[in-house]
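In our numbering, the protein residues as written are 3 to 320. For each residue, glycine too, the CB sits at the ideal point set by N, CA and C. A quick write-up on the structure given underneath.
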């Protein structure tokens, strides 16, 4: 009789434990759904503040990741939950331990879902990278009408990385920061056509461009077209640089006399048009805080993040 009562007590205790566990799981899911719902359903301002895009762009992105990237819901997370968490981390450079508290997740779950969404976003590069379009003859834009059949502009920028101690000398830029030298090519409407992160901060811009051209799936310039570049690059087929030994930077013309020679006039117009890539990089870093400060991710992962941020930038601009 004693054994029977003991078995009944244990069975009741186990049932109560299961019920408590189920209740806690339901509570966590409810808190998580409420938090994510407030991010992406309340209003566009709240959505932009948290995930750096409005609700329409967010839902289109989720649909693309489902249909083309094959990202799917799982037992405890919807695609919307995973994407919101991913974008929040990029937009605010939030550490995993903060995310797991805000989104009511385990640290392992945060890391796994972050990498899952990152991989799927990178798979969509063919859809999200801008196809180059030449400046047409009837273009009336004051900055671009001087450069018919031009495809856009290119430049390099530095983004902080977490390099190993043995590699820090190579990744140290001329300003002394540990960075990667990122080559970006953009169109007239500030969308990325090509981006190449990963080169050490000490690498010269011209060298990075030469590698980009030589890569099997690298930067291609159709016959008869060209990109604008600054004085850090050389004039070559497909790339138009300013005249050397002449004023070039816009600030020199804004705070100084008007162009005195045809070469200076050309440099002024080229600088005004080429400035689009600097504004594009500026907008990219302004939107994604993870690109503005030192990261704790390995260099390889950070370079994948840079690429993903550029793709998401294009998605938002469309």
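Exercise for review: Could you spell out where the beta strand (DSSP E) holding residue 155 opens and where it closes?
Suggested key: Bounds of the beta strand (DSSP E) holding residue 155 are 152–162.
Point to revise | Nonlocal neighbours in the same chain, by C-beta distance under 6 Å from residue 248, ignoring five residues either side | key: 265, 266, 269
Review point. Can you tell me whether DSSP reads residue 139 as helix, strand or coil?
Key: coil
Practice item. Please report the residue range of the beta strand (DSSP E) in which residue 185 lies. Key: 181–188
Review point. From residue 100 to residue 137, what distance separates their C-alpha atoms?
Key: Just so you know, the alpha carbons of residue 100 and residue 137 end up roughly 46 Å apart.
Check your understanding: Whose C-alpha, out of 230, 173, 163, 181, is nearest the C-alpha of residue 298?
Key -> 163
**Study point:** residue 189 versus residue 135 - alpha carbon distance
**Key:** 8 Å
Exercise for review: For residue 28, I'd like the list of residues in its chain whose CB is within less than 8 Å of its CB, leaving aside the five on either flank, ordered along the chain.
Suggested key: Residue confidence is low: residue 28 scores 49 on pLDDT, short of 50, so the model does not pin down where it sits. Its coordinate-derived value is still stated next. So the list is empty, once near-sequence residues are dropped.
Review point. If you follow the beta strand (DSSP E) that residue 197 is part of, which residue opens it and which one closes it?
Key: 194–202
Review point. Do you know offhand how far residue 84's Cα is from residue 38's?
Key: 10 Å
Check your understanding: In its own chain, which residues sit with a C-beta less than 6 Å from the C-beta of residue 252, not counting the 5 before and 5 after it?
Key -> 273
Review point. With 16 other CB atoms within 10 Å as the buried threshold, where does residue 47 fall?
Key: exposed
Exercise for review: Just the C-alpha distance for residue 97 and residue 240, rounded to the nearest angstrom, thanks.
Suggested key: Distance between the alpha carbons of residue 97 and residue 240: 42 Å.
Practice item. Indicate the three-state DSSP secondary structure (helix, strand or coil) for residue 174 in the structure shown. Key: Residue 174 falls in the strand class under three-state DSSP.
Check your understanding: DSSP state of residue 241, grouped into three classes?
Key -> Reduced to three states, the DSSP call for residue 241 is strand.
Practice item. Could you work out which residue in 133, 289, 203, 72 is closest to residue 175 when comparing CA atoms only? Key: Out of 133, 289, 203, 72, 203 has the C-alpha closest to the C-alpha of residue 175.
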